[in-house]
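What follows is a set of notes on a single structure, which appears directly below.
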Amino acid sequence: MKHIHSYYSPNDLYNKIIDGLNRLGKDLSKVTLDDLQPVDEFHIRGDTATKELIKLSGFTPDMHILDVGCGIGGSTRRLSHETGCRVTGIDLSDEYIDTAQRLTKLLNMQEKVDFHAASALELPFDDDFFDGIWSLQMNMNVEDKLAWLKETRRVLKPGGTAVLYEVCGNKNTPLYFPVPWAQDSSMSFLIPPESFREVMIAAGFEIGVWNDKTDLAQKAFAKVQEPVGKPELPVLGVYLLVGDDISTKAYNLRRNLEEERVSLIETVAAKPGGKQALPG
Ligand SMILES: C[S@@+](CC[C@H](N)C(=O)[O-])C[C@H]1O[C@@H](n2cnc3c(N)ncnc32)[C@H](O)[C@@H]1O
Numbered sequence: 001m002k003h004i005h006s007y008y009s010p011n012d013l014y015n016k017i018i019d020g021l022n023r024l025g026k027d028l029s030k031v032t033l034d035d036l037q038p039v040d041e042f043h044i045r046g047d048t049a050t051k052e053l054i055k056l057s058g059f060t061p062d063m064h065i066l067d068v069g070c071g072i073g074g075s076t077r078r079l080s081h082e083t084g085c086r087v088t089g090i091d092l093s094d095e096y097i098d099t100a101q102r103l104t105k106l107l108n109m110q111e112k113v114d115f116h117a118a119s120a121l122e123l124p125f126d127d128d129f130f131d132g133i134w135s136l137q138m139n140m141n142v143e144d145k146l147a148w149l150k151e152t153r154r155v156l157k158p159g160g161t162a163v164l165y166e167v168c169g170n171k172n173t174p175l176y177f178p179v180p181w182a183q184d185s186s187m188s189f190l191i192p193p194e195s196f197r198e199v200m201i202a203a204g205f206e207i208g209v210w211n212d213k214t215d216l217a218q219k220a221f222a223k224v225q226e227p228v229g230k231p232e233l234p235v236l237g238v239y240l241l242v243g244d245d246i247s248t249k250a251y252n253l254r255r256n257l258e259e260e261r262v263s264l265i266e267t268v269a270a271k272p273g274g275k276q277a278l279p280g
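Just so we're aligned, residue 1 is where the sequence shown starts under the working numbering, counting upward by one.
Right, dumping it as structure tokens:
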């Protein structure tokens, strides 16, 4: 897990983002979720996908949700902002968690949103603790998916739901590397969607919603060109999180999607028991 941790550990990330905001002429006392979106929603289709998932979630203001693999907390904050619920984020990367905490303070959202550095395979919370789980594009780095999903289910209250938005494998292998979540194959553990669904069921989840979003992912990446020379990077972008070769990573993701090496799913699943409110 060490090499995954170091992949997601850029230096001085918060100050680089602040520098970017300054260069864009933003007033730091009035920074919004949308200002940060280019850098803090590190998943396919960014805030558009987050908003769709929030609608699907059914999460309400009285709930406390756990964001597993929250990155620097863009969708964590958006989830709290749009639903009014309390959200706790955990991530393997200390640098991301430090940045998540400082950005949350900058947006004055720290009363409802907090973060801890932790592994998704060893969550520092009691059984049946959270009303809901939210996890966007983290499974790719997790080899033991059954252990991860069982651990996720453990901290969820009976009747609570989990919203997952995940990159899976597809009909063809191998993948082109690097991709946004991995420099090489030693960091990427994709299984086909049908297998992912089976592992969720084996971990004790009951599947409510199951949507294939691969076509939307393909459309989102359809225009990404193979980089020539040193491409110009925007002031704010996820390259700050995972390196300047992001253009190559995005191009490889396009190829992996188009050649059916990668797929994308969204799901809402419940932990049986309690007062279940499963959509779908
Ligand atoms: C592609 S990013 C997605 C981040 C965030 N969910 C988002 O959508 O902006 C994947 C994240 O998973 C985290 N991660 C990978 N393996 C993990 C593990 N075992 N436990 C906790 N976090 C992990 C990484 O540190 C990284 O922040």
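Glycine included, every Cβ here is placed at the ideal spot set by N, Cα and C. For clarity, every value in this text was computed on a predicted model and none was experimentally measured.
{"Asked": "Threshold first: 4 residues or longer. Then list the alpha helix (DSSP H) segments lying entirely within the region 215-263, N to C.", "Found": "239-242 and 246-258"}
{"Asked": "Between L257 and A217, is the Cβ-Cβ spacing less than 9 Å?", "Found": "yes"}
{"Asked": "Report the residue ranges of all alpha helix (DSSP H) runs contained in full by the region 180-209; include only those spanning at least 4 residues, in chain order.", "Found": "193-202"}
{"Asked": "Looking at L79: is its Cβ nearer than 9 Å to the Cβ of T48?", "Found": "no"}
{"Asked": "How would you label S29, buried or exposed, when you count the other beta carbons within 10 angstroms and need 16 or more for buried?", "Found": "exposed"}
{"Asked": "In the DSSP assignment, the beta strand (DSSP E) including A120 goes from what residue to what residue?", "Found": "It is not in any beta strand (DSSP E) - A120 carries neither H nor E in the DSSP assignment."}
{"Asked": "In whole angstroms, what is the alpha-carbon distance linking A147 and R153?", "Found": "10 Å"}
{"Asked": "Is V68 near ligand 1 - that is, is its Cβ less than 8 Å away from at least one heavy atom of it?", "Found": "yes"}
{"Asked": "State the DSSP-derived secondary structure class of R86, mapped to helix, strand or coil.", "Found": "strand"}
{"Asked": "I'd like to confirm something about G229: is its beta-carbon nearer than 8 Å to some heavy atom of ligand 1, or not?", "Found": "no"}
{"Asked": "Compare the C-alpha of G274 against each of G71, D128 and D91 and name the closest.", "Found": "D128"}
{"Asked": "In whole angstroms, what separates the C-alpha of D94 from that of T214?", "Found": "31 Å"}
{"Asked": "Sorry if obvious, but does the Cβ on I17 come closer than 8 Å to a heavy atom of ligand 1?", "Found": "no"}
{"Asked": "Just reading off the beta strand (DSSP E) that T161 is part of, what are its end residues?", "Found": "L156 to G169"}
{"Asked": "Please work out which residues of its chain come closer than 6 Å, Cβ to Cβ, to A162, disregarding the five sequence neighbours upstream and downstream, and give them in chain order.", "Found": "I133 and A269"}
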